[in-house]
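Accompanying notes for the structure given below.
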Amino acid sequence: MFRAGARASFVHGFAKNEKDNIEKDELAALKRLAAELLAYDDKTLAGVIATGTLVEVGCDAKTIP
107 MFRAGARASF VHGFAKNEKD NIEKDELAAL KRLAAELLAY DDKTLAGVIA
157 TGTLVEVGCD AKTIP
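Here is the structure:
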């Protein structure tokens, strides 16, 4: 999942040598999850990060070409 702006979220990652593609039912579930995550407000997002349910990964924009 990706949203232009301040946030980007990865909902599923896998090595291509371990799995060819995701199945249609997996795609549908991941789309539902992505929609839910994108609907989180700042307070909710901070709460799930604080509990460890989600992990925030920092990005130093100065290092991106």
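In this note's numbering, the protein residues as written are 107 to 171. Ideal placement from N, C-alpha and C gives every residue a C-beta, glycine not left out.
Coil, strand or helix - A140 by DSSP
Of the three classes helix, strand and coil, the one that applies to A140 here is helix, per DSSP.
- Continuous alpha helix (DSSP H) stretch holding T150: start and end: 148-156
Please classify A135: does DSSP put it in a helix, a strand, or coil?
helix
Among F120, A156, A140, which residue has its Cα nearest to the Cα of R113? A140
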